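Trainee:
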Amino acid sequence: MKKIRIMAAIAALLTCISVFLLLNSNIDKEEAKEKVADNIEVVVAADNISAETQIKIEMLKIITVPKNLALPSAIKKKEEIAGMITKTDI
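Positions 132 to 221 (the numbering used here) are the ones given, in order, by the sequence shown.
1) Taking all protein chains shown into account, decide if Leu200 is buried (16 or more other Cβ within 10 angstroms of its Cβ) or exposed.
2) Classify Leu191: buried if its beta carbon has 16 or more other beta carbons within 10 angstroms, exposed otherwise.
3) Can you round the beta-carbon distance between Ile212 and Ile180 to whole angstroms, since I take them to be within the 8 Å contact cut?
4) Relative to the C-alpha of Ile206, which candidate in Ser149, Thr184, Cys147 and Ala176 has its C-alpha closest?
5) In the DSSP assignment, what are the bridge partners of Ser192?
6) So Ile216 and Glu189 are in contact, right, with Cβ under 8 Å, and what is the actual spacing, rounded?
7) Between the beta-carbon of Asn170 and the beta-carbon of Pro197, is there less than 8 Å?
8) Taking the alpha-carbon positions, what's the Arg136 to Thr146 distance?
Structure (structure tokens):
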């Protein structure tokens with residue numbers, strides 16, 4: 132009878148450990164998804180733009196990049212630079 136109780140206790144302990152590890156791995160996956168979801172939209176040239184060209188909204192597009200890779204000076208709205216003239220090729 133004692134052997135059965137010891138085996139049951141060991142089985143219960145292993146079950147608890149397995150459940151803990153399973154739940155912990157799901158939390159890690161959710162945290163990873165949150166980090167990936169931390170993106171920002173920035174404006175880039177849709178095609179090559181020559182030097183001394185006035186920028187039109189049609190020449191621009193918005194892409195999504197990870198927030199930690201975007202420069203602090205990144206343009207977030209096309210209207211912010213539409214009408215400006217380029218100094219160099221873009």
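Cβ atoms here follow ideal geometry from the backbone N, Cα and C, with glycine treated the same way.
Treat the numbers as computed from the prediction; the structure is a model and nothing was measured.
Mentor: Answer, in terms of the structure:
1) exposed
2) Looking at its Cβ environment, which holds 16 or more other Cβ atoms inside 10 Å, Leu191 is buried.
3) With a Cβ gap of about 11 Å, Ile212 and Ile180 do not count as contacting.
4) Ala176
5) The sequence given here has Lys at residue 192, not Ser. For Lys192, which the question treats as bridged, DSSP gives the partners Val175.
6) Incorrect: roughly 16 Å between the Cβ atoms, too far for contact.
7) Contact check for Asn170 against Pro197 passes: the beta carbons are separated by less than 8 Å.
8) 15 Å
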